[in-house]
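What follows is a set of notes on a single structure, which appears directly below.
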Amino acid sequence: MTQAYDWGSTSDIPRFLGRTGSGEPVAEMWLGTHPLAPSQVETPEGLRPLSDVAGEIPFMLKILAAEQPLSIQVHPGQAEAREGFAREEAAGVPLDSPQRVFKDPNHKPEMVYALSTFDTLVGFRPTAEILRVFSQLDTPTINAASATLRAKTGFKGIVRVLENLLIAPPPPAEIAQVVIQCKALVHDGVDIKRAYSTAAMIARHHPDDVGIVVSLLLNRFTLQPGEAMFLGTGVIHAHLSGLCLEAMVNSDNVMRAGLTRKALDPEGLIRCLEAGMARVARVEPGYPSFSTEVYHPEVEEFALAVTQVSPADPDGVSIIAAAHSIVMCIGGAVQLLNSRGEKVPLSRGETVYTDAEDGDLTLVGTGEIAQIYLPGPGTPDSELKDLVGHRPVRAIP
């Protein structure tokens, strides 16, 4: 099921699916059993909810296409998710209410796998770098933030700066002044780790939003196609542009604090940050075979495998057999065969669900598939290369 959020691209997902766009933004396509957007599967009896066939799957796969910046957000850990979901259920807040924050009782670590050049803001810059960024700007809010951070350095001091910005946002006129100064610095060839150009870009879409100032605190990263990044729970981030796959726990819990018209929960976001930021890391794949890369970060609920096949493999190549698996063709045209001799053709954007009853799976044709699956005991862990200097202070449950 697709989601038409206003930050989405009008063309990327329709083009990926081989369809003609309507001119309206298409931000995400969800694949899984989440009650807010459950997938349907074709069976001999007709279309049925995937949950009827598979039960509740612990993971979800998304295609995400960003043409504008997404909200500044944090995903909760397991304890925060359970408590928040129970609280809103007891209060009777409808699941589809715009004011609902916790849509389920699950934590939400996730991994981004880039299908195009993908830009994102993730995690806080080091203290020294933030102070360097601020040193080129001169407004009351920036000067106060600098003083706060000099008095209390490190992760806790940065969180206090963020909390102050969210509790008492600068007036629109001061935000405009920050943008003017950022543009002038970029014009003069001064741009510390893309901080000023990022703020100027965000201002085109959210001109009066405190998120422009918040963006100065955050690292900007660019993923190239085929690169992956893991975002543990409690990590502040805001994706900026590009097409990617998101592999995640089956959850839609998000605390937002800017760059959006959706409900904001700055207090919840700060609580999650104070509980401790987990890892932000580039995920280096393992290679169970010549044709397959496996991305398995520090979570129990999902792994992602990417497999290529060509005429150089006349007998096809084996792909991961798992208790639950969603296979998506991300390029070319392939056929997937199971141990019963059943064959499913897939072109780009088409998907199929497999489970343990399918047995060994073989891919033939010329193309590439991405497969999210429930990892078993033998699934190798990926090497994670930390991208943010703030070391994690808690383990993901």
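Following the numbering used here, the residues of the sequence shown are numbered contiguously, the last one being 467.
Idealized CB from N, CA, C, for every residue including glycine.
If you check the beta carbons only, do residue 200 and residue 248 fall under 8 Å apart?
Indexing the sequence shown from 1 puts residue 200 at position 130. Indexing the sequence shown from 1 puts residue 248 at position 178. Not closer than 8 Å, so no.
Between residue 308 and residue 457, is the Cβ-Cβ spacing less than 8 Å?
If you number the sequence shown from 1, residue 308 lands on position 238. If you number the sequence shown from 1, residue 457 lands on position 387. Not a contact, by the Cβ cut-off of 8 Å.
Based on DSSP bridge pairs, tell me the residues matched to residue 440.
Reading the sequence shown from its first residue, position 370 is the one you call residue 440. DSSP lists 376, 398 as partners of residue 440.
For residue 158, I'd like the list of residues in its chain whose CB is within less than 8 Å of its CB, leaving aside the five on either flank, ordered along the chain.
Start at 1 with the first residue of the sequence shown, and residue 158 comes out as number 88. 170, 171, 172.
Among 71, 119, 92, which one has its Cα closest to the Cα of residue 99?
The sequence position of residue 99 within the sequence shown is 29, counting from 1. It is 71 whose Cα lies nearest to the Cα of residue 99.
Looking at residue 102 and residue 37, is the spacing between their C-beta atoms short of 8 Å?
This structure leaves residue 37 out entirely; the chain is present only between 71 and 467.
What distance in whole Å lies between the Cβ atoms of residue 323 and residue 176, which are believed to be in contact at a cut-off of 8 Å?
The count along the sequence shown starts at 1 and reaches residue 176 at position 106. The count along the sequence shown starts at 1 and reaches residue 323 at position 253. About 7 Å separates the two Cβ atoms, so the contact holds.
To the nearest angstrom, report how far apart residue 216 and residue 242 are at their CA atoms.
The sequence position of residue 216 within the sequence shown is 146, counting from 1. The sequence position of residue 242 within the sequence shown is 172, counting from 1. Their Cα atoms are separated by approximately 20 Å.
According to DSSP, simplified to helix, strand and coil, what is residue 345?
As a position in the sequence shown, residue 345 is number 275, starting the count at 1. In the three-state reduction of the DSSP assignment, residue 345 falls in the helix class.
According to the Cβ coordinates, are residue 179 and residue 303 closer than 8 Å?
The residue you call residue 179 lines up with position 109 of the sequence shown. The residue you call residue 303 lines up with position 233 of the sequence shown. Judged by their CB atoms, residue 179 and residue 303 are nearer to each other than the 8 Å cut-off.
Alpha carbon to alpha carbon, how far is residue 306 from residue 133?
Walking along the sequence shown from the start, residue 306 turns up at place 236. Walking along the sequence shown from the start, residue 133 turns up at place 63. So the alpha carbons of these two residues sit roughly 20 Å apart.
On the three-state DSSP scale, how would you describe residue 352?
Along the sequence shown, read from residue 1 onward, the residue named residue 352 stands at position 282. DSSP places residue 352 in strand when its eight states are reduced to three.
Can you look up residue 157 in the DSSP assignment and give me helix, strand or coil?
Position 87 of the sequence shown, counted from the first residue, corresponds to residue 157. Looking at residue 157 - three-state DSSP - the assignment turns out to be helix.
Here's a check: name, in chain order, each residue in its chain whose Cβ is nearer than 6 Å to the Cβ of residue 73, leaving out the five neighbours to either side.
The residue labelled residue 73 in the question sits at position 3 within the sequence shown. 97, 98.
Is DSSP giving residue 464 helix, strand or coil here?
To locate residue 464, count along the sequence shown from 1; it is residue 394. Its pLDDT being 41, under 50, residue 464 is placed unreliably by the model, and nothing is read from it.
Once the 5 residues before and after residue 451 are set aside, which same chain residues still bring their CB inside 6 Å of it?
Start at 1 with the first residue of the sequence shown, and residue 451 comes out as number 381. The answer, listed in chain order, is 366.
I'd like to know whether the C-beta of residue 312 is nearer than 8 Å to at least one C-beta of chain C.
This model lacks chain C altogether, as it is built from one protein chain only.
Quick one: what's got a C-beta closer than 8 Å to residue 256's C-beta in the same chain, skipping five residues either side?
Taking the first residue of the sequence shown as position 1, residue 256 is located at position 186. Closer than 8 Å at Cβ, skipping near neighbours: 266, 267, 270.
Go through the stretch 187-234 residue by residue and report every complete run of the alpha helix (DSSP H) that reaches 4 residues or more, in order.
197-205, 210-221
Rounded to the nearest angstrom, how far is the Cβ of residue 430 from that of residue 375, given a contact under 8 Å?
The count along the sequence shown starts at 1 and reaches residue 430 at position 360. The count along the sequence shown starts at 1 and reaches residue 375 at position 305. At roughly 15 Å, the Cβ-Cβ gap does not stay under 8 Å, so residue 430 and residue 375 are not in contact.
Given that a residue counts as buried once 16 or more other Cβ atoms are within 10 Å of its Cβ, and exposed if not, what is residue 79?
By 1-based counting over the sequence shown, the position of residue 79 is 9. So residue 79 ends up on the buried side.
By DSSP, does residue 266 sit in helix, in strand, or in coil?
Here residue 266 refers to the residue found at position 196 when the sequence shown is read from its first residue. Residue state, collapsed to three classes: helix.
By a C-beta neighbour count over all protein chains shown, 10 Å radius and 16 as the cutoff for buried, is residue 240 buried or exposed?
Within the sequence shown, the letter at position 170 stands for residue 240. Residue 240 comes out buried.
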